[in-house]
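This report concerns only the one structure given below.
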Amino acid sequence: MKPSRDAIAERAEALGPWFHNLYLDGVWTAPNHFLGDFPGIMWRRFRHALPDDLAGRSVLDIGCNSGFYCAEMKRRGAGRVVGIDSEPFYLAQARFAAEVLGHDSEFHEMSVYDVGALGERFDIVLFMGVAYHLRHPLLALDLLWEHVADDVLVFQSMQRGATDVLEPPDDMDFFDTDAFDAPGWPKLHFIEKRYAGDPTNWWAPNSACTQAMLRSAGFRPFSQPEKEVFICRRAARADGAEPVYPARVPDETASAREKKGRAA
Ligand SMILES: C[S@@+](CC[C@H](N)C(=O)[O-])C[C@H]1O[C@@H](n2cnc3c(N)ncnc32)[C@H](O)[C@@H]1O
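When we follow this note's numbering, the leftmost residue of the sequence shown carries the number 6, and every step to the right adds one.
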């Protein structure tokens, strides 16, 4: 039996605060979001760029939060939808929302750095609003390419700085230093302290940098339906673009360590 509106409101309140403003059978979860009706407002700006019919396609939503995009993928008929997030608090919201909205997305507590443990690839990987919260955004992209991305990557990042985009030269003279000051040069601004009160806002790339990092990690942007959203196809990655962590431990080293642990 479906819970009543009052029961939904009560449970939503207990699970709050919410970052996603979801509409759960008459109850909005974050009606006073500082970005407005978020992420609906963002979704409406790029949803036309994804196929209306996702029948049978598998989707991995990394940093799924309370599952707004998982629900939208299911609404378009996606088959297997998996949401991962490092925050159990958000996953509890996601599971509750899926129950109310009646979809069967799976949710797992997992960091993007551990996606190798999923042991499967997905037709569509969503990596929205997460990269700039990571100390190691390129490592995360390298791991997605290595382990989970099969075809399409939908990427979004907070961006700051110039919107010009410079076509990168194949090589440059050591004494050519001016190019680095061109507005369209890829720049990843490091935030040592806080930005918008959030100590996990580590990076703010400009648009050129987002695109260059994606290409370098083996994701070719083919559509930019919104200034911060890039839809990419998995492609060849740059020489040397390999995840350096987690290290692949040779079997004999792992078993030697295990034996040592047992002896201690
Ligand atoms: C700004 S929210 C974006 C949520 C959603 N993807 C969207 O675009 O609306 C960032 C989300 O990433 C999650 N997150 C942060 N670091 C993570 C990590 N290392 N692995 C997985 N999720 C992470 C946070 O818990 C949060 O839910």
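Positions of the beta carbon are idealized from the N, C-alpha and C atoms, including for glycine.
Alpha-carbon spacing of ALA136 relative to TRP48, whole angstroms: 18 Å
message: Looking at the strands, I want to know which residues DSSP matches up with ARG239.
response: PHE224
- prompt: Is ILE13 buried or exposed, if buried means 16 or more other CB atoms sit within 10 Å of its CB?
  reply: buried
- prompt: Under a three-way DSSP split, which group does GLN164 fall into?
  reply: coil
- prompt: What residue does the beta strand (DSSP E) around ILE67 start on, and which one ends it?
  reply: 64–67
- request: Could you please give me the residues that DSSP links to MET133 through a beta bridge?
  value: GLN161
message: Please state the DSSP three-state secondary structure of ASP90.
response: strand
field: TYR118 beta carbon near ligand 1 (any heavy atom closer than 8 Å)
entry: True, at least one ligand heavy atom lies under 8 Å from that Cβ.
Status (buried if at least 16 other CB within 10 Å, exposed otherwise) for GLY113: In the sequence on display, residue 113 carries His and not Gly. It is exposed - the Cβ of HIS113 has fewer than 16 other Cβ atoms within 10 Å.
query: Taking the alpha carbon of ALA60 as the point to measure from, which residue in LEU148, ILE46, CYS75, ARG85 has its own alpha carbon closest?
result: ARG85
message: Can you tell me whether MET218 is buried or exposed? The criterion is at least 16 other CB atoms within 10 Å of its CB, across all chains shown.
response: buried
query: Got a sec, what are the start and stop residues for the beta strand (DSSP E) PRO210 sits in?
result: Unbroken beta strand (DSSP E) run through PRO210: 208–210.
message: Is the separation between the beta-carbon of ARG225 and that of ASP156 shorter than 9 Å?
response: Not in contact: ARG225 and ASP156 (Cβ atoms no closer than 9 Å).
task: Could you work out which residue in HIS53, ARG242, ASN206, ALA35 is closest to GLY134 when comparing CA atoms only?
output: ASN206
field: Buried or exposed by the 16-neighbour rule on C-beta atoms within 10 Å, applied to GLU77
entry: buried
- request: Would you tell me roughly how many angstroms separate the C-alpha atoms of VAL159 and PRO56, rounded to the nearest one?
  value: 12 Å
- prompt: For GLU77, does the three-state DSSP call read helix, strand or coil?
  reply: helix
- prompt: Given that a residue counts as buried once 16 or more other Cβ atoms are within 10 Å of its Cβ, and exposed if not, what is HIS53?
  reply: exposed
Start-to-end residues for the alpha helix (DSSP H) that takes in GLU18: 10–20
query: When the distance is taken between beta carbons, is ARG220 closer than 9 Å to ASP128?
result: no
message: For a quick check, are the C-beta atoms of LEU40 and ALA102 less than 9 Å apart?
response: no
- prompt: Among GLY223, ALA17, GLU18, TYR74, which has the Cα closest to the Cα of LEU149?
  reply: GLY223
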